[in-house]
Amino acid sequence: MDTIIEPFRIKAVEPIRMTTRAERTRLIRDAHYNLFALHADDVLIDLLTDSGTSAMSAAQWSGMMRGDESYAGSPSYHRFEAAVQELMPFEHVIPTHQGRAAERILMGIVAGPDAIIPNNTHFDTTRANVESTGAEAVDLVIEEGLDPAAQHPFKGNMDLDRLDALLDEQGDRVPLVMLTITNNSGGGQPVSMANVRGAHTICARHGVPLFIDACRFAENAYFIKQREPGYADTPVADIVRELFAHADGMTMSAKKDGLANIGGWLALNDDAWAEEARNQLILTEGFPTYGGLAGRDLEAIAVGLTEIVDEDYLEYRIASTRYLGRALIDMDVPIVQPVGGHAVYIDAKAMLPHIPPLDYPGQALAVALYVAGGIRGCEIGSVMFGQQADGSEQPAQMELVRLAIPRRVYTQSHVDYVIECIAAVNADKASLSGFAITEAPDQLRHFTAHFAPLGESAFA
Ligand SMILES: *Cc1c(COP(=O)(O)O)cnc(C)c1O
30 MDTIIEPFRI KAVEPIRMTT RAERTRLIRD AHYNLFALHA DDVLIDLLTD SGTSAMSAAQ
90 WSGMMRGDES YAGSPSYHRF EAAVQELMPF EHVIPTHQGR AAERILMGIV AGPDAIIPNN
150 THFDTTRANV ESTGAEAVDL VIEEGLDPAA QHPFKGNMDL DRLDALLDEQ GDRVPLVMLT
210 ITNNSGGGQP VSMANVRGAH TICARHGVPL FIDACRFAEN AYFIKQREPG YADTPVADIV
270 RELFAHADGM TMSAKKDGLA NIGGWLALND DAWAEEARNQ LILTEGFPTY GGLAGRDLEA
330 IAVGLTEIVD EDYLEYRIAS TRYLGRALID MDVPIVQPVG GHAVYIDAKA MLPHIPPLDY
390 PGQALAVALY VAGGIRGCEI GSVMFGQQAD GSEQPAQMEL VRLAIPRRVY TQSHVDYVIE
450 CIAAVNADKA SLSGFAITEA PDQLRHFTAH FAPLGESAFA
């Protein structure tokens, strides 16, 4: 059969509160046109993020009842550790409350004012944790990774020649190299096994460890199975093991491919770094066998890790993201191609060429999608990245609206509804106008900025 079904039935449901267009017009105005300021129950289809929004399985919920809340040595920790090491055979597994806590602890140990940390593309919290130590975060993704329209099966790949050159010239300043799979900031694009292997070889030659930012490791492994010669018949779990065999450590947000609502970890082989990390962990996260998590959270992650490498799940997951992307391509809505794992990114600059970048075409589109159908996406463009340290403003490289797909949450008819709403906005796109920022903090303004429309719009 050609129809790919959701490989699950639904046992518990969460009602969606329906709203009218008139209500949404008022609600978004009251939120100063900032989608982060909306109450989530005023949103019909919430595609703000795939982070921490997964639906847990019956097995995960029953695992939560088994959660042991002992302060030290909880059996839940040992089940969590075993589940991690089953896929990622690192010596030390250190739980944290989120991925960024693992990043902060790691960078606190290895980075500092003279350090350089290369990555394919730093995720924003990773970059912030590198830079907050005074170190420099350098992005070395291949050129195709910066072009929304370029077709390449592994647009998340690191440019290995530039990595090699950087390590040749300034290797003594590089305490470790990171590789983000899939490349979130680059559109959820995968990294090939050959690229991970190549990066590891170069790192090993320079005596520099390679760490994987592994948030969407299972989606990445599934892309390798689909796209990289030689892996079509390899079980995803084996691809995952091979990926991590090429690394010296990892950071992880269990809110993504851990299928959990909270959690993360740092895993590594180096004994001395691990000891320092555990000392840091105790300061801000907790004792090394819980690290800021409840025992029940550790159980949810342990079960989630067995479910995330299930190939029926991954086939459905990647197919449902592709389904949304294909529908948009078919109606000539410009998107980042090929479609990545966890999200579809609409290219608002190409869709709304009449709105200049600093009138925020991504914000205009995101607001229109909310007014049209109660859909909440996320602007990733000049609102998020335009603010410079000196207070000036520069257009971002791309003006995108990200529609991130929560795992196991929405059905195909929800996605069909999203497609219909985008079609309605697309049909009237010439009527959209830009926005001005009327109030903003000095940093990370996208979370709290206030906006005002710059003109009339059919969707404001
Ligand atoms: C989400 C994410 C992080 C940070 O994880 P949190 O759990 O949100 O702190 C780091 N890197 C990537 C690639 C991510 O997607």
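Using the numbering used here, read the sequence shown as starting at 30 and increasing by one per residue. For every residue, glycine included, the Cβ atom is placed at its ideal position computed from N, Cα and C.
DSSP places Asn148 in the uninterrupted beta strand (DSSP E) bounded by Ile145 to Asn148. Listed in chain order, the alpha helix (DSSP H) elements of length 4 or more contained wholly in the segment 208-244 are 222-234. Taking a cut-off of 6 Å from the heavy atoms of ligand 1, the residues with a C-beta inside it are Ser80, Gln127, Gly128, Arg129, Phe152, Thr154, Thr155, Thr209, Asn213, Asp242, Cys244, Ser282, Lys284, Lys285 and Gly293. Look at Met93 here: in three-state DSSP terms it is helix.
The continuous stretches of beta strand (DSSP E) do not include Arg50, which lies in the alpha helix (DSSP H) extending over residues Arg50 to Asp59.
Secondary structure at Gln416: strand, using DSSP grouped into helix, strand and coil.
Residue pairing by DSSP puts His479 in a beta bridge opposite Glu468. Going by beta carbons, Leu387 and Val454 fall outside the 8 Å limit. When the five nearest sequence neighbours on each side are left out, the beta carbons in the same chain lying within less than 6 Å of the beta carbon of His181 are those of Glu173, in order along the chain.
The residue from Arg256, Ala276 and Tyr251 with its alpha-carbon nearest to that of Pro264 is Tyr251.
In the pairwise beta carbon analysis, the segment 306-324 is classified as not touching the segment 146-155: fewer than three pairs are separated by under 8 Å. Counting only runs that start and end inside the segment 325-370, the alpha helix (DSSP H) elements of at least 4 residues fall at 340-359.
The DSSP-derived three-state label of Gly320 is coil. In the displayed model, Thr280 falls within a strand according to three-state DSSP. The Cβ atoms of Gly137 and Tyr374 do not sit closer than 8 Å to each other.
In this structure, the beta-carbon distance from Ala329 to Met117 does not fall below 8 Å. Pairwise C-beta distances place the segment 154-161 out of contact with the segment 176-191, as fewer than three of them are shorter than 8 Å. When C-beta atoms of the segment 359-371 are compared with those of the segment 241-257, three or more pairs fall below 8 Å, so the two segments count as touching. About 5 Å separates the beta carbons of Phe464 and Gln392, which is inside the 8 Å limit, making them a contact pair. Non-local beta-carbon contacts of Gly324 in its own chain, meaning distances under 6 Å to residues more than five positions away in sequence, involve Gly96, Asp97, Glu98, Ser103 and Ser105 in chain order. By the C-beta density criterion, Val42 is exposed, having fewer than 16 other C-beta atoms within 10 angstroms.
Straight through space, the alpha carbons of Arg436 and Leu381 are spaced by roughly 30 Å. Taken atom to atom, the span from the alpha-carbon of Ser91 to that of Ile347 is near 27 Å.
Per DSSP, the continuous beta strand (DSSP E) segment holding Tyr374 begins and ends at Ala372 to Asp376. Each residue's CA atom was taken as its position, placing Leu192 and Leu169 some 7 Å apart. Assignment of beta-bridge partners to Pro264 by DSSP yields no partner. The beta-carbon distance between Glu120 and Asn298, rounded to whole angstroms, is 5 Å. This is short enough to meet the 8 Å contact definition. The C-beta separation of Asn212 from Leu189 comes to about 15 Å, leaving the pair out of contact by the 8 Å criterion.
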